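Following our numbering, the numbering of the first sequence begins with 5 at its first residue and continues without gaps.
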Amino acid sequence: MDPIPHRAKIQTKLLRWFEENGRDLPWRNTRDPYPIWVSEIMLQQTQVVTVIPYYQRFLKSFPTVYHLARADLSRVLKAWEGLGYYSRARNLHRASKMFVNHLSGKFPDSLESLLTLPGIGRSTAGAILSFAFNKEAPVLDGNVKRVLSRVFAISTNSKQSLWKISESLIPKGRSNPFNQALMDLGSMICTPKDPLCPRCPLNRFCEARALRDPEKYPFKEVKKKIPHVHAVSAVIQKNGRVLLTRRPPKGFLGGLWEFPNWKTEGKKRLGLSLKNRVKREMGMNIAVRKSIGTLNQAYSHFKLTLQVFHCQSLDRSVRGKWIPVQKLHLLPMSKIHRKIAEKIAY
DNA sequence: AATTCGGGGTA
DNA sequence: TACCCAGAATT
Numbered sequence: 005m006d007p008i009p010h011r012a013k014i015q016t017k018l019l020r021w022f023e024e025n026g027r028d029l030p031w032r033n034t035r036d037p038y039p040i041w042v043s044e045i046m047l048q049q050t051q052v053v054t055v056i057p058y059y060q061r062f063l064k065s066f067p068t069v070y071h072l073a074r075a076d077l078s079r080v081l082k083a084w085e086g087l088g089y090y091s092r093a094r095n096l097h098r099a100s101k102m103f104v105n106h107l108s109g110k111f112p113d114s115l116e117s118l119l120t121l122p123g124i125g126r127s128t129a130g131a132i133l134s135f136a137f138n139k140e141a142p143v144l145d146g147n148v149k150r151v152l153s154r155v156f157a158i159s160t161n162s163k164q165s166l167w168k169i170s171e172s173l174i175p176k177g178r179s180n181p182f183n184q185a186l187m188d189l190g191s192m193i194c195t196p197k198d199p200l201c202p203r204c205p206l207n208r209f210c211e212a213r214a215l216r217d218p219e220k221y222p223f224k225e226v227k228k229k230i231p232h233v234h235a236v237s238a239v240i241q242k243n244g245r246v247l248l249t250r251r252p253p254k255g256f257l258g259g260l261w262e263f264p265n266w267k268t269e270g271k272k273r274l275g276l277s278l279k280n281r282v283k284r285e286m287g288m289n290i291a292v293r294k295s296i297g298t299l300n301q302a303y304s305h306f307k308l309t310l311q312v313f314h315c316q317s318l319d320r321s322v323r324g325k326w327i328p329v330q331k332l333h334l335l336p337m338s339k340i341h342r343k344i345a346e347k348i349a350y
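Below you can see the structure in the form of structure tokens.
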């Protein structure tokens, strides 16, 4: 017996709705796994409208997986600048090298092989398998999670049951349009707030709607408070150049360039603490001049307030690299440091 | 199982 | 503001 209520009707209703209402997106005009792969990585935790221009530029810069594998990581990070979650770019680049070196040019088309590539988890693998190869693999992104937990009134936060439902709902031989349909429904109709239930092709079967509270699903995690971090940063100039440092290759904003900066505990005498920090950690004497301004940036797990000071170097530095102001735009930088660069470039 | 990873769209 | 986005990797 079929454990999924209304399975056949859900399939036909959703597929018909998708034929008439599905989104026309750049990565849907191909079955080539490479651009589909790139799009799926970019789309992780990132909205479609944000991804589209990055996707277009990225494929222009790296038209094939071989172009990507040959490119310097710095170029890849530059193409990713502003998109966030930079480990995605590093993993994509690393995976492209694995593809060229170990997979003999054949794009992996099984779940197990895809999961061996860095940056590809179960959902991204399912998307690639269904969109590029039309294989019956389930996806479970934020959209699908919301749609399924509403239709079947799943109130637990366990993803296991949702994975099973997602898998057993796929119509034989039609995983490509069906998975896209699930995503589009979640994005266009079954929205987090004020879902458009009257226009939903599944409203007759939706248990959350029958319970008259679709927004109760999916189960909301209690989210903890995000710490607020204060920091100071130094724009140290000398002969038309500024001193930048590069972040470690892994971890937070890994591999990006930035103006030297440090957390501050108290809020007093920021200029003096900045001077001392530069002396201790960069082995250089500076004179702190005027404040350039205060910048704020909200990250996923903390908020940052950064006070930036104009500084003048009084001698050489043992760390960092002097970059001509006119060439700052060539380096990959995080959003907040790009803002600083744009302030001083004029 | 919980935390770490960016930045922006949207109400 | 708060919530969430075609999640994965690490702890």
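Virtual Cβ for every residue (Gly too), placed ideally from N, Cα, C. Here the structure is a predicted model, which is why all the values come from computation and not from measurement.
| Check | Outcome |
| --- | --- |
| Give the straight-line distance between the Cα atoms of Asn265 and Asn105, rounded to the nearest whole angstrom. | 39 angstroms |
| Decide if Ala83 is buried, meaning its Cβ has at least 16 other Cβ atoms within 10 Å, or exposed. | buried |
| What residue from Arg79, Ser43, Ser127 and Thr50 has the CA that sits closest to Met337's CA? | Arg79 |
| Can you tell me whether Asp36 is buried or exposed? The criterion is at least 16 other CB atoms within 10 Å of its CB, across all chains shown. | exposed |
| Give the range of the beta strand (DSSP E) segment to which Gln2 is assigned. | Residue 2 lies beyond the residue range present for the chain, which begins at 5 and ends at 350; the question has no answer from this structure. |
| Tell me which residues share the same chain as Glu171 and place their Cβ nearer than 7 angstroms to its Cβ, disregarding the 5 neighbours each side in the sequence. | Pro142 |
| Let me know the beta strand (DSSP E) ranges lying completely inside the stretch 216 to 279, each 3 residues or longer, listed in chain order. | 232 to 242, 245 to 250 and 265 to 267 |
| Decide yes or no for the touch test of the stretch 105 to 122 against the stretch 323 to 339: beta carbon pairs closer than 8 angstroms, at least 3 of them. | no |
| Are three or more beta carbon pairs between the stretch 35 to 49 and the stretch 234 to 247 nearer than 8 angstroms? | no |
| Name, in chain order, the residues that DSSP records as bridge partners for Val312. | Ser237 and Gly297 |
| What did DSSP end up calling Lys343 once you bin it into helix, strand or coil? | helix |
| Can you find the residues in the same chain that come closer than 8 angstroms, C-beta to C-beta, to Asn180, ignoring five residues on each side of it along the sequence? | Ser134, Phe135 and Asn138 |
| Considering only the beta carbon of each residue, do Ser237 and Val312 sit closer than 8 angstroms? | yes |
| Which residues does DSSP list as the beta-bridge partners of Lys176? | BP columns for Lys176 are empty, so no partner. |
| Got a sec? Which residues, its chain only, sit under 7 angstroms from Gln60 by beta carbon, not counting five neighbours each side? | Pro30 |
| To the nearest whole angstrom, what separates the beta carbons of Arg203 and Leu19, a pair I think is in contact under 8 angstroms? | Wrong, their Cβ atoms sit about 16 angstroms apart, outside the cutoff. |
| Along the chain, where does the beta strand (DSSP E) that runs through Lys325 open and close? | Lys325 to Pro328 |
| Measure the alpha-carbon distance for Lys272 versus Lys343 and round it to whole angstroms. | 24 angstroms |
| Which of helix, strand or coil does DSSP assign to Lys139? | coil |
| For Lys222, count neighbouring C-beta atoms within 10 Å of its own C-beta (all shown protein chains included) and say buried if the count is 16 or more, exposed if not. | Checking the displayed sequence, the identity of residue 222 turns out to be Pro instead of Lys. Pro222 comes out buried. |
| Among Leu63, Ser295, Gly86 and Tyr70, which one has its Cα closest to the Cα of Val239? | Ser295 |
| In three-state terms, what does DSSP make of Met5? | For Met5, the predicted model reports a pLDDT of 45, less than 50, meaning its position is unreliable; a value from the coordinates is still stated below. Met5: coil per DSSP, three-state reduction. |
| With DSSP as the reference, please indicate the residues paired to Ser317 in a beta bridge. | Ile290 |
| Apply the 10 Å Cβ neighbour rule to Asn147 and answer buried if 16 or more other Cβ atoms are within range, or exposed otherwise. | buried |
| Should Ile174 and Glu219 be called a contact, given that it needs their Cβ atoms to be closer than 8 angstroms? | no |
| Report all residues from its chain with a CB closer than 6 angstroms to the CB of Gly270; omit the five preceding and five following residues, and keep chain order. | none |
| Taking buried to mean at least 16 other C-beta atoms within 10 Å of its own C-beta, is Met5 buried or exposed? | Since pLDDT at Met5 reaches only 45, below the 50 mark, its modelled position is unreliable, and no value is offered. |
| Please go through the same chain and pick out, in chain order, the residues whose beta-carbon is closer than 6 angstroms to the beta-carbon of Ala93, but skip the five residues on each side of it. | Val80, Leu81 and Trp84 |
| Alpha carbon to alpha carbon, how far is Gly275 from Asn25? | 58 angstroms |
| Any idea what DSSP makes of Lys307, helix, strand or coil? | strand |
| Here's a check: name, in chain order, each residue in its chain whose Cβ is nearer than 7 angstroms to the Cβ of Phe156, leaving out the five neighbours to either side. | Ile169 and Glu211 |
| Within the same chain, show all residues whose beta-carbon is closer than 7 angstroms to that of Gly123, passing over the 5 residues directly before and after it, in chain order. | Ile45, Arg92, Asn95, Leu96 and Ala99 |
| If you draw a straight line from the C-alpha of Pro9 to the C-alpha of Ser127, how long is it? | 24 angstroms |
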